[in-house]
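Report on one structure; see the data block that follows.
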Amino acid sequence: MTDSRSTAWDAYSQSKPQRRQANASGETTWFNWTQYPDHGPGADVLRLRPGDHVLDLGCGSGGNSAHLATLGMKAVGVDLSARQLDKARERWPGVDGLELHQADALAHLGGTSTVFDAVYSVFGAAWFTDPALLLPVVHARLRPGGVFAFSQRPPVEGCYGCQASYIPRGADEDPAVVKRWDFEPDAWVLLLKEHGYVDVSASVVGPPPGSRRTGTLLVRAARESR
22 MTDSRSTAWD AYSQSKPQRR QANASGETTW FNWTQYPDHG PGADVLRLRP GDHVLDLGCG
82 SGGNSAHLAT LGMKAVGVDL SARQLDKARE RWPGVDGLEL HQADALAHLG GTSTVFDAVY
142 SVFGAAWFTD PALLLPVVHA RLRPGGVFAF SQRPPVEGCY GCQASYIPRG ADEDPAVVKR
202 WDFEPDAWVL LLKEHGYVDV SASVVGPPPG SRRTGTLLVR AARESR
């Protein structure tokens, strides 16, 4: 894949630490929406049951997808970074129900015939894809009543819409640049409703107690049930 974004995310993967072998509860797989370990809501946000089909947009090293697969879901993870997917395959070999694909989120959604019970993104492709393009194709691939949820950093006040993210590539290279889309919670609610979603909520999950760092924007919506 020659997409310049895949090169950027390969560079990012080099700086990202490996997922821990176990969380604070001693579990070897778990689901995390926030940038803080052992903090925030879990997979229950997606309202999944064993046998359900779920799609992870920007799965990275695959931890969340692998966790859902161990719970009996049929989990598909897509990511632009070959290096991230290599990490995922090394960390989660032979996990039943887990598929990993190197692909652009829009391309995968447009090319699959699978109807998903949930689509989600954790600091992933939902943050780095134009919502005017992403929201309708996710909606089209959800079953009636299916859930779309994503998390990302909250926006910087006054910096909304398409923004630039810079990914370091080394001392002798300019950083890679990728686009992201930032909006306040109320704006996300409006965007999702405009694209036919219902039961929309968007809020900031605060950081761990005692931390003065930023929280996590968590957005959840559904396709209308028939």
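So the numbering used here is basically just the index in the sequence shown, starting at one, shifted up by 21. Where is the CB? At the ideal position from N, CA and C, for every residue including glycine.
With distance defined between alpha-carbon atoms, name the residue in the options nearest to residue i.
i	options	result
residue 34	204, 180 and 145	145
residue 178	203, 67 and 159	203
residue 158	244, 57 and 45	244
residue 189	25, 26, 36 and 27	36
residue 192	121, 237 and 32	32
residue 166	137, 174 and 155	137
residue 114	176, 181 and 86	86
residue 71	93, 230, 120 and 154	93
residue 43	29, 181 and 59	59
residue 208	66, 120, 45 and 182	182
For residue i, write down the residues that DSSP places opposite it in a beta bridge.
i	result
residue 202	183
residue 219	243
residue 100	123
residue 140	76 and 169
residue 95	74
For residue i, which three-state DSSP category applies?
i	result
residue 173	strand
residue 229	coil
residue 120	strand
residue 210	helix
residue 165	strand
residue 77	strand
residue 195	coil
residue 237	strand
residue 39	coil
residue 224	strand
residue 22	Residue placement at residue 22 is poorly supported in this model, since its pLDDT is 47, which falls under 50; the coordinates are not used for a value here.
residue 68	coil
Excluding sequence positions up to five away, which residues of its chain have a Cβ less than 6 Å from the Cβ of residue i?
i	result
residue 23	Interpretation of residue 23 is limited by its pLDDT of 49, a score under 50 that renders its predicted location unreliable; the figure taken from the coordinates is listed afterwards. None.
residue 68	168
residue 88	50, 51 and 52
residue 217	160
residue 184	201 and 203
residue 197	29, 32, 188 and 190
residue 8	Nothing can be reported for residue 8, as the shown portion of the chain is limited to 22 through 247.
residue 215	none
residue 172	54, 143, 237 and 239
To which residues of the same chain is residue i closer than 8 Å at the C-beta, ignoring the five residues directly before and after it?
i	result
residue 62	54, 226 and 239
residue 232	57
residue 135	74, 76, 97 and 162
residue 14	Outside the modelled stretch of the chain, which goes from 22 to 247, sits residue 14, for which no answer is possible.
residue 154	127
Determine, using beta carbons only, whether residue i and residue j come nearer to each other than 9 Å.
i	j	result
residue 241	residue 220	yes
residue 142	residue 170	yes
residue 131	residue 95	no
residue 64	residue 81	no
residue 164	residue 112	no
residue 99	residue 139	no
residue 83	residue 149	no
residue 152	residue 106	no
With a CB to CB cut of under 7 Å and the five nearest residues on each side skipped, what residues in its chain are close to residue i?
i	result
residue 224	206 and 239
residue 91	50 and 116
residue 26	101 and 199
residue 228	57, 234, 235 and 236
residue 175	225, 235, 236 and 238
residue 180	203
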